Amino acid sequence: MSDHSLDPVTAINGRTAISRSVLRGNIILLCLFALQAGGVYSVMWYYGLLDHFKPSLYAAILLVSLGLVLFVKSISYGLLYMGYDDEKKGLSRIRADFLAGWLNAEYLLAFLVPMLLLPTFMSLFSSMKSIIHLIQPFYLDEFLMKADRFIHFGIDPWHITHSIFGTAGLSIMLNYFYNMWFFIMFSYVLWMIVNVRFGRDRMQFLFAFVIAWPLIGSLLATFMSSAGPVYYGDIVGDHSIFGPMMDALRAFDGQYENSALGIFALNTQDMLWADYLKNDTGIGSGISAMPSMHVAIAALLYFSGREINRYIGYGMLIFLILIQIGSVHLGWHYALDGYISIVLVWALWKFCGWLAGRVYIAQSETVTN
């Protein structure tokens, strides 16, 4: 595991000092964000699709994120403060703690840059995802189906998952974890943004996260434009391959018709198809199978989590396996989508480790603020 200590923040002539590594890291994050924003805008301008450029789709995430962070930090500090001896309590102590922590210049810079960029960053990704089929119509589904069948010894992978998890209860369980993906990702990203003390490990994760979405989820997804098994019949015109899978999922869902449970993926898939037919751009809109961003981000959480704590790594590995299985079982992805995503993220993780290492190569250097 890497050293999780924060870069030294010292006082120079009474002024706060910000380590060069934190400055460099956040400059790189800003540059990566600018590349994504400029790239998405340029592509939409070139293809005459600027109506789909919606950088504020996830604006509410910022308020939710800040509120959640303030709530958790307030509770944490309250517990810390109650542990002080009576003679150490008071406004002067609170002021000193805040200046050393939340209001420290280095912490504010390291925290606010990714926090403020996150909503627009995700909005630009959704905007781009919603126009992939307009730039490059889905063409790879039949090849991916055949490739899946070839590498699984002549068997369609969904037959394998349905032979193991082929009950309503197990299918709902996989659907539950698949739906939890966003909340687990969102919570982990917030945790990494807040925990500046993780230093190099944190920056490696943030670099990989900010690169993965536009590189894997936008650029490569456009080059390998595909819709996924759930839409295979509509795109390719052959319902015989994945039609039985969808019939099985609908039958499982029907067993819980009058309850709070069910295969919620089915409704989401219908909604995305409706958006596709209308060429609509909204929160979560857009269809893309190869590569799988669900699997890619789950893999990133595993690679990052194991550097922070081995038990977090174990948990994220289980989560990654469930997401990979669920992506096939629920018809979202070909198995190959996930396999390739894991390899891509592994390579990206290694590169970002090198990049973060360069950023943190001189941890003792500081600049005054």
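Using full-length UniProt numbering, the first residue of the sequence shown is number 1, and each one after it goes up by one. Backbone N, C-alpha and C fix where the C-beta goes; we use that ideal spot for every residue, glycine too. This one's a predicted model, so the numbers in the text were calculated from it and none came from an experiment.
The straight-line gap separating the alpha-carbon atoms of ALA298 and ILE323 is approximately 7 Å. By the beta-carbon neighbour count (other beta carbons within 10 angstroms, threshold 16), ILE75 is exposed.
Around the beta carbon of VAL343, fewer than 16 other beta carbons lie within 10 angstroms, which makes this residue exposed. Under the three-state reduction of DSSP output, SER187 falls in the helix class.
Taking C-alpha positions only, ASP234 is separated from PHE125 by approximately 25 Å. Across the set ILE325, ALA347 and HIS333, the C-alpha of ILE325 shows the shortest separation from the C-alpha of MET173.
LEU206 has its alpha-carbon roughly 31 Å from the corresponding atom of ASN279. Note that the C-beta distance between ASN26 and VAL113 is below 7 Å. Using a C-beta cut-off of 8 Å, the region 223-233 makes contact with the region 269-288, since at least three inter-stretch Cβ pairs fall below that distance.
Residue range 105-129 is occupied by the alpha helix (DSSP H) that includes LEU109.
In the DSSP assignment, PRO244 falls within the alpha helix (DSSP H) that extends over 243-254.
In this chain, the alpha helix (DSSP H) harbouring PRO157 covers 157-164.
Assigned with DSSP and collapsed to three states, LYS278 falls in helix.
Shown here for GLY262: same chain residues with a beta carbon closer than 6 Å to its own, the five before and five after excluded, namely ASP253 and TYR256 in chain order.
Pairwise C-beta distances place the region 343-360 in contact with the region 298-316, as three or more of them are shorter than 8 Å.
In this chain, the alpha helix (DSSP H) harbouring SER327 covers 310-329. Closest in alpha carbon position to TYR176, among SER327, GLY353 and PHE351, is SER327. Boundaries of the alpha helix (DSSP H) around GLU142: 141-151. An exposed status is given to ALA260, since fewer than 16 other beta-carbon atoms sit within 10 Å of its beta-carbon. For secondary structure counted as the alpha helix (DSSP H) over 4 or more consecutive residues, the region 175-233 holds these complete runs in sequence order: 199-212. DSSP places THR268 within a helical segment (H, G or I) once states are collapsed to three. Taken through DSSP and simplified to helix, strand or coil, ASN26 comes out as helix. Within the same chain, Cβ atoms closer than 6 Å to the Cβ of LEU317 are found at TYR302, the five residues on either side in sequence being excluded.
Taking 7 Å as the cut-off, the Cβ atoms of ALA296 and ILE216 count as close. Within the same chain, and ignoring the five residues on either side of SER171 in sequence, the residues whose Cβ sits closer than 7 Å to its Cβ are PHE165, LEU249, PHE252, ILE263 and HIS329. Sequence-distant partners of LEU32 (beyond 5 residues in either direction) whose C-beta falls short of 7 Å from its own C-beta, in its chain, are VAL210 and ILE211. Per the Cβ contact rule, the region 51-66 is not in contact with the region 146-153 (fewer than 3 Cβ pairs under 8 Å). Excluding its 5 nearest sequence neighbours in each direction, ASP156 has C-beta neighbours in its own chain below 6 Å: ARG149, listed in chain order. Around the Cβ of ALA356, a 10 Å sphere holds 16 or more other Cβ atoms; the residue is buried. The beta carbon of ARG24 is closer than 8 Å to those of VAL359 in its chain, skipping five residues each way along the sequence.
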